[in-house]
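Peer 1: Just so you know, the protein sequences line up as chains A and B, in that order.
Mind the numbering: the first sequence is residues 4 to 406 in my numbering, read in order.
Mind the numbering: the second sequence is residues 4 to 406 in my numbering, read in order.
Using N, Cα and C, we set each Cβ at its ideal position, and we do this for glycine too.
Please read through the structure below; I'll follow up with questions.
Number of protein chains: 2
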Amino acid sequence: MNSPHHPSEPKADKAGVRRHNLSLVLRTVHEAGETTRAAVAARVGLTRAAVSSLAEQLLERGLLVESGKTFSGQAGRPGTVLKPACTGPAGLGVEINVDYVNVCVADLTGADRVRRSVPLDNRALAPVVVLRRAAELTAEVLAEASRQDLHPTGVRLALPGLVSGGTVRQAPNLGWNRVDADVLFAEALAAARPPGAPALPVASDNEANIAALAELWFGALGAVRSFLLVTGEIGVGGAIVLDGELLRGAHGFAGEIGHLTVAPDGRRCRCGSLGCLEQYAGQTALLRAAGARSVDTLTERAVAGEPRALAALDEAGRMLGVALSGAVNLLDPQAVVLGGIFPRLMPWLAPAAEAELSRRVVSALWPSSAARLRPASTTATTARGAAALVLRDILADPLTYGG
Amino acid sequence: MNSPHHPSEPKADKAGVRRHNLSLVLRTVHEAGETTRAAVAARVGLTRAAVSSLAEQLLERGLLVESGKTFSGQAGRPGTVLKPACTGPAGLGVEINVDYVNVCVADLTGADRVRRSVPLDNRALAPVVVLRRAAELTAEVLAEASRQDLHPTGVRLALPGLVSGGTVRQAPNLGWNRVDADVLFAEALAAARPPGAPALPVASDNEANIAALAELWFGALGAVRSFLLVTGEIGVGGAIVLDGELLRGAHGFAGEIGHLTVAPDGRRCRCGSLGCLEQYAGQTALLRAAGARSVDTLTERAVAGEPRALAALDEAGRMLGVALSGAVNLLDPQAVVLGGIFPRLMPWLAPAAEAELSRRVVSALWPSSAARLRPASTTATTARGAAALVLRDILADPLTYGG
């Protein structure tokens, strides 16, 4: 990202250069958290004067704020600190999963400022009803955000299925096929919001993809930039991040590890195939095998050493390990992150999964590498990741959103 | 690649700018096959005068040649055609597989100008002996190349195993463990070449990785830039190309689809795991199941409708389909390319593999997409790909190699 447009380059028109460089300065401040004009200039390769002028425009539009005095680390000269604004333009994320809806507003710094979560059995409801409930919750969150002087510029929906061009092509665990989520949610939100409130653009994406970006942006991955995320929900979702970028694939459907075959002639899956991972390690399959009604119950029984619970977790861990071995052999990632219900079940799942990985990953790379199973960070929620995707649009083109 | 360095950018020293821009012009001509100075200038965003000066230096060093007159498409004015030289600096590739060695010299245009292939059962020989035989064959090829005024600037080895930092970490089908292939081959080549011949730098890589690059550069993929390559050899190799770049992974070992589990409690593999794909679809496994001694025999029997041959091919195709379904669900590639022994077996392998893909790939994307199984191109040999990797070094820094 940190490459300025120079007027000497061909076909770079003046307005385009300004737009690009405003974004460059805003993204640089955003990445740093707080910094000085001099440090920005050094980082992006523009003159100090150019950066000052660009920063002024961003301050005027309320995208940056200025505070205090500091000493720039590099030059030893005093400079005013620039930060992203923590009021004004914001992002709104909505995670619609099989048994709950989460909504989050993040300010331009990425902080999650408003959060709402409601349990909702979305399998029992028509898509249009689910989207209406989610829109109603979103309208409440928007009202609360407005009281905090936060004004989302768009909505990102996270959905547990194959999403492309605003449509949920297939979400087997929701029972959705070809649902125009973007349009239906936007209509429902328009109906739920106070009259006169501006319409917000809505865009949908796969929930595991967004969870992976949340982990990248808000997790505890350190230097890890290439990883596989596997989320245990009613089904099993997955996403792949390579060098800090989501792998979307040719049709936008990459990362579907939940439907990797772990037993070619095994249990029938809702997707139509046989022996998919999620029929062994998804929440529904796991609870059924354990004879437990909730993950809380399962955890209690596992703590108590109940044999059926332990056997179910061991089998799920084993199948998870078989599927992960395949993914690790293909992708050779720096890390494998487990999200959703998996982190709290890791004491029982992980040993069986690690045993399979040690045995099945070529060159016995697994145990000796840094790529061990690790739990997703609790601060890196999918709804926050969705909100941050809206922020990314603001950062990419500040002129459209600021002021 | 097509971004010129401008003197206005920070820290771009003059020699570095010249080096970068020489490479830019050479790569642009190489990509075009033949083009004019004016077209290069328009493409890369440098002035016509700057491109002319850079082209002059590349002509003097023998990296470009000039021929005839033409009309530039864009401006309608006459311009001399520039092409990469077809004598002088060249690349040399060596594929050492389990039962053969292939050597190829490619000129700067990418054309394969000298080719040698010898059958060699490398399982029966010590690594140092295999590398010596390959070096002797290489010395013969170098002598022939020299007669054609082609002078390779380096050697790239393609090996069927996990390669990192010049060492074969593990090549189960060769029986190699921690073999310093680069050093051993360079020593053997120094001994085999005529006295006084210059030493050549040697670098090793995984054979499937190189086969995938060969397919990308010399195959018939059209607009496909993201694909999975699976090569049937004694074992089964694999490589992943995303947006025209090889996915190497955190340790350089990505793409190992041969060790994807297709039957968790299945046949023991040489890698130490159970139920790896190559125990069902690799050449050794396939011939054993068919009771055939060679792929030629197997093909003849399949043509004749011999039930055991057909059953073995159907089972291999089925397992290949199970593994490919997993890879397609994870990667969502534009295409899956089958190489090695698979192309000529596709009439029997492909139907079973396609059936599994239709059933197991989520959203039934498989049959409706362009991502069907396709055979590797016969012109895209691994040895040629290896030679082209040497060319890439020349293109990246022409000053080091030209003249």
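Distance check for Leu250(A) and Gly343(A), CA to CA, integer angstroms please.
Peer 2: Those two C-alpha atoms are separated by around 20 Å.
Peer 1: Does the distance from the CB of Ala161(A) to the CB of Ile99(A) come in under 9 Å?
Peer 2: Yes; because the gap between Cβ atoms is below 9 Å, this pair is in contact.
Peer 1: Gln173(A) bridges to which residues according to DSSP?
Peer 2: Looking at the DSSP assignment, Gln173(A) forms a beta bridge with Leu165(A), Asn180(A).
Peer 1: Under a three-way DSSP split, which group does Arg21(A) fall into?
Peer 2: Arg21(A) falls in the helix class under three-state DSSP.
Peer 1: If you count every other CB in all the chains shown that lies within 10 Å of the CB of Pro267(B), and 16 or more means buried, which is it?
Peer 2: Per the 10 Å Cβ criterion, buried.
Peer 1: Helix or strand or just coil, what does DSSP make of Thr50(B)?
Peer 2: Thr50(B): coil per DSSP, three-state reduction.
Peer 1: Can you find the residues in the same chain that come closer than 6 Å, C-beta to C-beta, to Asn209(B), ignoring five residues on each side of it along the sequence?
Peer 2: Cβ neighbours of Asn209(B) beyond the five flanking positions: Val166.
Peer 1: With a CB to CB cut of under 8 Å and the five nearest residues on each side skipped, what residues in its chain are close to Ala148(B)?
Peer 2: Around Ala148(B): Ala93, Leu95, Val108, Arg116, Val117, His154, Pro155.
Peer 1: Report back the beta-carbon spacing between Arg311(B) and Gly294(B) to the nearest angstrom; my notes put them in contact at under 8 Å.
Peer 2: Yes, they are in contact, since the Cβ atoms of Arg311(B) and Gly294(B) sit about 6 Å apart, within 8 Å.
Peer 1: Please report how far the alpha carbon of Ala338(A) lies from the alpha carbon of Gly252(A), in whole angstroms.
Peer 2: Cα to Cα, the separation comes out at about 20 Å.
Peer 1: Would you grab the beta carbon distance between Glu281(B) and Val239(B) for me? Rounded to a whole angstrom, and I think it's under 8 Å.
Peer 2: Indeed, because the Cβ distance is near 4 Å, the residues count as touching under 8 Å.
Peer 1: So, helix, strand or coil for Phe256(B), using DSSP?
Peer 2: Three-state result, Phe256(B): coil.
Peer 1: Determine, using beta carbons only, whether Val20(A) comes closer than 9 Å to chain B.
Peer 2: Taking Cβ atoms only, chain B never reaches closer than 9 Å to Val20(A), which makes this a no.
Peer 1: Going straight from the alpha carbon of Val54(B) to that of Pro122(B), what length do you get?
Peer 2: For Val54(B) and Pro122(B), the distance between alpha carbons rounds to 47 Å.
Peer 1: When we look at the beta-carbon of Ala129(A) and count the other beta-carbons within 10 Å, is it buried (16 or more) or exposed?
Peer 2: So Ala129(A) ends up on the exposed side.
Peer 1: Could you tell me which of Arg30(B), Gly241(B), Ala211(B), Glu143(B) sits nearest to Pro197(B), measuring between CA atoms?
Peer 2: Here the closest residue by C-alpha is Glu143(B).
Peer 1: Just to confirm, are Ala319(A) and Ala288(A) a CB contact at a threshold of 9 Å?
Peer 2: Yes. Within cutoff.
Peer 1: Determine, using beta carbons only, whether Val132(A) comes closer than 9 Å to chain B.
Peer 2: Val132(A) does not count as touching chain B.
Peer 1: Where does Leu245(A) fall in DSSP's three states?
Peer 2: Here Leu245(A) sits in strand by DSSP.
Peer 1: Please identify the residue among Leu290(B), Val340(B), Gly255(B), Met322(B) whose C-alpha is closest to the C-alpha of Pro265(A).
Peer 2: Strictly speaking, residue 265(A) in this sequence is Val, with Pro absent from that position. Out of Leu290(B), Val340(B), Gly255(B), Met322(B), Met322(B) has the C-alpha closest to the C-alpha of Val265(A).
Peer 1: For Glu69(B), which of Gln60(B), Leu61(B), Leu85(B) has the nearest alpha-carbon?
Peer 2: Glu69(B) has its Cα closest to that of Leu85(B), out of Gln60(B), Leu61(B), Leu85(B).
Peer 1: If distances are taken between C-alpha atoms only, which option among Leu313(B), Gly269(B), Leu232(B), Val97(B) comes closest to Ala391(B)?
Peer 2: Selected option, being the one with the closest Cα: Val97(B).
Peer 1: Beta-carbon of Pro378(A) versus every beta-carbon of chain B: anything under 9 Å?
Peer 2: No, no contact with chain B.
Peer 1: Roughly how many whole angstroms lie between the Cα atoms of Leu49(B) and Gly199(B)?
Peer 2: Taking the straight line from one Cα to the other gives about 42 Å.
Peer 1: Please go through the same chain and pick out, in chain order, the residues whose beta-carbon is closer than 6 Å to the beta-carbon of Val171(B), but skip the five residues on each side of it.
Peer 2: These residues qualify, in order along the chain: Leu162, Gly164, Trp179, Val182, Ala184.
Peer 1: Do Arg51(A) and Ala41(A) have their CB atoms nearer than 9 Å?
Peer 2: Yes. Within cutoff.
Peer 1: Should Cys89(B) and Val365(A) be called a contact, given that it needs their Cβ atoms to be closer than 9 Å?
Peer 2: No; because the gap between Cβ atoms is not below 9 Å, this pair is not in contact.
Peer 1: What does Val265(B) touch in chain A if you count any residue whose Cβ is under 8 Å from its own?
Peer 2: Under the 8 Å cutoff, chain A gives Thr264, Pro267.
Peer 1: Is there a Cβ from chain A that is less than 9 Å from the Cβ of Leu352(B)?
Peer 2: Not one chain A Cβ lies under 9 Å of Leu352(B).
Peer 1: Can you give the Cα-Cα distance for Ala373(A) and Gly261(B), rounded to whole angstroms?
Peer 2: Low per-residue confidence applies at Ala373(A): pLDDT is 44, beneath 50, and the placement is therefore not dependable, though the value from the model is reported in the following sentence. One C-alpha to the other measures close to 23 Å.
Peer 1: Determine which residues of the stretch 308-325 of chain A have a Cβ less than 7 Å from any Cβ of chain B, and write them out in chain order.
Peer 2: Here the close residues are Val325.
Peer 1: Quick test of your reading: Val327(A) and Leu360(A), contact by CB under 8 Å. State the CB separation rounded to the nearest angstrom.
Peer 2: Before going on, a small fix: residue 327(A) reads as Leu here, not Val. Indeed, because the Cβ distance is near 6 Å, the residues count as touching under 8 Å.
Peer 1: Report the rounded CA-to-CA distance for Leu219(A) versus Pro346(A), giving the unit in angstroms.
Peer 2: When rounded, the distance between both Cα atoms is 17 Å.
Peer 1: Ser328(A) versus chain B: which residues are under 7 Å apart at the beta carbon?
Peer 2: Ordered by position in chain B, the residues that pass the 7 Å Cβ test against Ser328(A) are Thr264.
Peer 1: Using the C-alpha atoms, what's the distance from Ser297(B) back to Arg228(A)?
Peer 2: When rounded, the distance between both Cα atoms is 45 Å.
Peer 1: Looking only at DSSP bridge pairs, what is Arg118(A) linked to?
Peer 2: DSSP lists Cys107(A) as partners of Arg118(A).
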